[in-house]
Amino acid sequence: MKHKLLAILSVLTLIATFATALPARAAITNASDLRVALDSLLAEHVQLAASATNAALGGRDAEFTAAAGALDANSVDLSKAIGSVYGKGAEDAFLPLWRKHIGFFVDYTQGVAAKDMAKQDKAVADLVQYTQDFGAFLNSASPNLPKDAVADLVKTHVLTLKDVVDAQATGDQTKAYTALRAAYGHMSMVADPLAATIVAQFPDKFGAAPAAAPDAGTPAAPAAGTPATMPNTSEGGSLPFAGILVAVAAVAIAGSLLLRRNRRTI
C-alpha cells in the first residue's frame, strides 16, 4: 500500500510540475521578434524579386505585374519596420532608396532579355553605386553599422540575385533554384547584424529579458503574436502539447508499475 501511495504521489508531482512550469516557458523577446521580422522580410524580398524577374524573362506580363506588386508591398513593409525604430523620416527616406535598387534590377533583367550588354553594364554599375548609397544611409541611422561593411553585404545581395537572373535567362531550372537558395540564405547575413545593431542601439526598447515565471495559478502572458494556448487542439487547456504527452507518459508508467506490483501480490 505504501508503494502505491508513493507512486501516485510521484505522478501527481510530475503533473503539477508540468502544469505550472511549462506555460511559463521563456517568452519571445522584442529583440528576437525584430530579428525574425527582418529575416522574413528580406528573404521574402529575394523570393518575390526572383518571381518578378523570371516572369519578365518569360514574357508573362500578368504574372510580372502581380509579382512586382507583391514585391513593392514587401518594400513598404520593410520601410515601416525601419520607421518603427528610427522614425517617420527614416521610413520615408528608406522606401525610395530601397525601390531604387529594384528598379536597377528591372533594368538589368530587361538588358538580359534583349541581350543588350550596354544596358546590363549600366544596370550593374548603378547597383554597385547603390551599395555605397545604402551603406551610407544605414550608417547615418546607426553609426555602429559601418558604411563599408553594409555596402559589402548589400553587394553580395546584388551579386547573388544577379546570379539568379542570369540562371533564369539560360532556362536551366536547377541552376536557377540553386542560385535562388544562395541569394535567399544570404539575406539572414544582412538581417541578423542589422537586428543586433538596432537592439544594441536601443537597449531599453529591445534588450528586455524574458519575464520571470509567474506564480502557480497565474497564466503566463504571451508575447505579441504568440497564442496563449495551443491553437486548434482538442486539449482545451493552456499546457503545451509536449507537456501533456509527458504527463500522460508519466501516468502510463506509474500505472504500469502499480499493475506489476498488484500482480506480484496476487
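Numbering-wise (this note's numbering), the sequence shown opens with residue 1000 and increments by one. Beta carbons: idealized from backbone N, C-alpha and C, even for Gly. In this text, all values refer to a predicted model and were calculated from it rather than measured experimentally.
Please determine, among Asp1162, Ile1081, Asn1143 and Phe1133, the residue with the shortest C-alpha to C-alpha distance to Asp1151. Locating residue 1151 in the sequence shown gives position 152, counting from the first residue. Nearest option by C-alpha distance: Phe1133.
On the three-state DSSP scale, how would you describe Asp1071? The sequence position of residue 1071 within the sequence shown is 72, counting from 1. Helix, per DSSP.
Give me the residue from Gly1170, Ser1141 and Val1157 with the minimum Cα distance to Leu1126. Numbered from 1 along the sequence shown, position 127 holds the residue referred to as residue 1126. Closest option to Leu1126, Cα to Cα, is Val1157.
Sorted by chain position, which residues of the same chain lie with C-beta nearer than 7 Å to Gly1088's C-beta, five sequence neighbours on each side aside? Residue numbering aside, residue 1088 sits at position 89 when the sequence shown is read from its first letter. For Gly1088, where only same-chain residues beyond five positions count, there are no Cβ hits under 7 Å.
With burial defined as no fewer than 16 other Cβ atoms inside 10 Å of the residue's Cβ, what is the status of Asn1053: buried or exposed? As a working note, residue 1053 is residue 54 in the sequence shown. Under this definition Asn1053 is a buried residue.
Assumed close pair Lys1270, Asp1106 - CB separation to whole angstroms, cut-off 8 Å: Residue 1270 cannot be examined here, being either before or after the span of the chain that is shown, 1000 to 1265.
Does the beta-carbon of Gly1058 have 16 or more other beta-carbons within 10 angstroms, so that it is buried, or is it exposed? As a working mapping, residue 1058 is identified with position 59 in the sequence shown. Exposed: under 16 other Cβ atoms inside 10 Å.
At what residues does the alpha helix (DSSP H) containing Arg1059 begin and finish? As a working note, residue 1059 is residue 60 in the sequence shown. Premise fails: Arg1059 is in no alpha helix (DSSP H) and is neither H nor E.
At the level of alpha carbons, what is the spacing between Ala1190 and Ala1080? Translated into the one-based positions of the sequence shown, residue 1190 becomes position 191. Translated into the one-based positions of the sequence shown, residue 1080 becomes position 81. Using only the alpha carbons, I get a separation of about 12 Å.
Alpha carbons only, please: which of Asp1076, Ala1030, Leu1193 and Ala1055 is nearest the one belonging to Ala953? Within the shown structure, residues of the chain are numbered from 1000 to 1265, placing residue 953 beyond reach of any answer.
Under 8 Å, do Ile1101 and Ser1074 count as touching if we go by C-beta distance? In the sequence shown, counting from the first residue as 1, residue 1101 sits at position 102. In the sequence shown, counting from the first residue as 1, residue 1074 sits at position 75. Yes.
Cβ distance (whole Å) where Asp1032 is taken to contact Val1111 below 8 Å: Your numbering for residue 1032 matches position 33 in the sequence shown. Your numbering for residue 1111 matches position 112 in the sequence shown. Wrong, their Cβ atoms sit about 38 Å apart, outside the cutoff.
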